[in-house]
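Visitor: Taken in order, the sequence shown gives residues 47 to 385; the numbers are from the working numbering.
The beta-carbon is built from N, C-alpha and C at its ideal position, and this holds for glycine as well.
Input: one structure, supplied below.
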Amino acid sequence: MEGVKKRNQEVIPTKDDTNILETDSGNATESDAEEEVTVDNEEPYTRDIVWPNVYKFIILHSLFFYGLTFLPSLSVTSWIWLVGSYWLAGLGITAGAHRLWAHKAYKAKLPLRLFLTFANSVAGENSIYVWSRDHRVHHKCSETVGDPHNANNGFFFAHMGWLMVRKHPAVMRAGQKIDLSDLEADPVVMFQHRHYMKCFLLAAFVLPTVIPNLFWGESLTTAYFLAVVRYVSVLHFTWLVNSAAHFYGQKPYDTNMGPVENMLVSVLALGEGFHNYHHTFPYDYSTSEWGLKINLTTGFINLMSMFGQAYNLKTASPQTVAARAKRTGIPELTRGFKA
Ligand SMILES: [Zn+2]
Ligand SMILES: [Zn+2]
Numbered sequence: 047m048e049g050v051k052k053r054n055q056e057v058i059p060t061k062d063d064t065n066i067l068e069t070d071s072g073n074a075t076e077s078d079a080e081e082e083v084t085v086d087n088e089e090p091y092t093r094d095i096v097w098p099n100v101y102k103f104i105i106l107h108s109l110f111f112y113g114l115t116f117l118p119s120l121s122v123t124s125w126i127w128l129v130g131s132y133w134l135a136g137l138g139i140t141a142g143a144h145r146l147w148a149h150k151a152y153k154a155k156l157p158l159r160l161f162l163t164f165a166n167s168v169a170g171e172n173s174i175y176v177w178s179r180d181h182r183v184h185h186k187c188s189e190t191v192g193d194p195h196n197a198n199n200g201f202f203f204a205h206m207g208w209l210m211v212r213k214h215p216a217v218m219r220a221g222q223k224i225d226l227s228d229l230e231a232d233p234v235v236m237f238q239h240r241h242y243m244k245c246f247l248l249a250a251f252v253l254p255t256v257i258p259n260l261f262w263g264e265s266l267t268t269a270y271f272l273a274v275v276r277y278v279s280v281l282h283f284t285w286l287v288n289s290a291a292h293f294y295g296q297k298p299y300d301t302n303m304g305p306v307e308n309m310l311v312s313v314l315a316l317g318e319g320f321h322n323y324h325h326t327f328p329y330d331y332s333t334s335e336w337g338l339k340i341n342l343t344t345g346f347i348n349l350m351s352m353f354g355q356a357y358n359l360k361t362a363s364p365q366t367v368a369a370r371a372k373r374t375g376i377p378e379l380t381r382g383f384k385a
């Protein structure tokens, strides 16, 4: 059995021949042929700040705060546009990069993959390929030096600080060993990766500036700043999954890990706040045992499955969840116990 070796700690299984529902290793995907990743939390490392990224974030947030001044006088149509494009971008991360591509928690036909790739480009959190690689590393090396947004470095680092420093060598090594062959075999993912800047600028800024102007006469300036407000909001609300959902909340399924259940994050990040569940059963397409409760993304995937666009939706059975909570968590906090 392969695993993540942490100095003075246990070896976490990453792969097992037994049924995935039996193993629940907490890793991003349960069937990948990956090399062993060794993590040494004592490895010497000096944190190098990447100043161009810091400057970019300062400029971006200045534009964001200026953009907020447009909201009080916004028309109803533009408000609907802002919220709608927020959901679209959010789904590109949650239903797309996260549940479909990083975790393979369900499968999607070409039209849905095209739609989610477009939505993902609106969100602008790097290409699906890079996002999924980083996210698989996050699960594989969770809360060690190998984790890109290691929550042990504090709230700010987990939230956005990690994007302003050079990656820890352990993160780089882990990233190189993660199996990405499934993503490389998806032409839609690789097209977006190869042409990322063009896809991003077009989907995140050019179209959202031009469409409100063409269709309901919104001024180009207002439309542009709405795109900035949407972009920065989606960034922060998805970053909360890495920060708040690793700090503040309960641990019904596994008390030995950092990730928690945080309902506010679920509201803001379209259902991604059930993070103790998600790190325990990462293959579950719903990232929760509570169905549609505060989980817009699950609603969307269910709808797509009704149209035949999403299929092979994976879930953890109530029995599996109950057994795991009894072994490592707090059963009284689980749905099965309350039912
Ligand atoms: Zn995940
Ligand atoms: Zn996490």
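Under 8 Å, do residue 331 and residue 359 count as touching if we go by C-beta distance?
Guide: It is a contact, given that the beta carbons lie within the stated cut-off.
Visitor: Could you please give the first and the last residue of the uninterrupted alpha helix (DSSP H) stretch that includes residue 122?
Guide: Residue 122 -> alpha helix (DSSP H) spans 122-137.
Visitor: Once the 5 residues before and after residue 131 are set aside, which same chain residues still bring their CB inside 7 Å of it?
Guide: So the list reads 168, 254, 276, once near-sequence residues are dropped.
Visitor: Indicate whether residue 6 and residue 270 have their beta-carbon atoms separated by less than 8 Å.
Guide: Only positions 47 to 385 of the chain appear in the structure, and residue 6 is not among them; the question remains open.
Visitor: Count the other C-beta atoms from every protein chain shown that fall within 10 angstroms of the C-beta of residue 111, then say buried if there are 16 or more, exposed otherwise.
Guide: Exposed, by the Cβ-count rule.
Visitor: Measuring CB to CB, does residue 362 end up less than 8 Å from residue 327?
Guide: Their beta carbons are under 8 Å apart, which means residue 362 touches residue 327 by this criterion.
Visitor: Report the rounded CA-to-CA distance for residue 251 versus residue 204, giving the unit in angstroms.
Guide: Going by the C-alpha atoms only, they are around 27 Å apart.
Visitor: Do you know offhand how far residue 144's Cα is from residue 93's?
Guide: Cα to Cα, residue 144 sits roughly 28 Å from residue 93.
Visitor: When the distance is taken between beta carbons, is residue 234 closer than 8 Å to residue 89?
Guide: Contact: no.
Visitor: Cβ of residue 172 versus every heavy atom of ligand 2: is any distance shorter than 7 Å?
Guide: False, no ligand heavy atom lies under 7 Å from that Cβ.
Visitor: Is any heavy atom of ligand 2 found at a distance shorter than 7 Å from the C-beta of residue 305?
Guide: Flag set: Cβ of residue 305 near ligand 2.
Visitor: Starting from the Cα of residue 199, find the closest Cα among 95, 289, 321 and give me that residue.
Guide: Taking only the C-alpha atoms, the option nearest residue 199 is 289.
Visitor: Taking only three categories from DSSP, how would you classify residue 84?
Guide: Of the three classes helix, strand and coil, the one that applies to residue 84 here is strand, per DSSP.
Visitor: What's the gap between the Cα of residue 187 and the Cα of residue 175?
Guide: So the two alpha carbons sit approximately 18 Å from each other.
Visitor: Which two residues bound the contiguous alpha helix (DSSP H) that contains residue 92?
Guide: Premise fails: residue 92 is in no alpha helix (DSSP H) and is neither H nor E.
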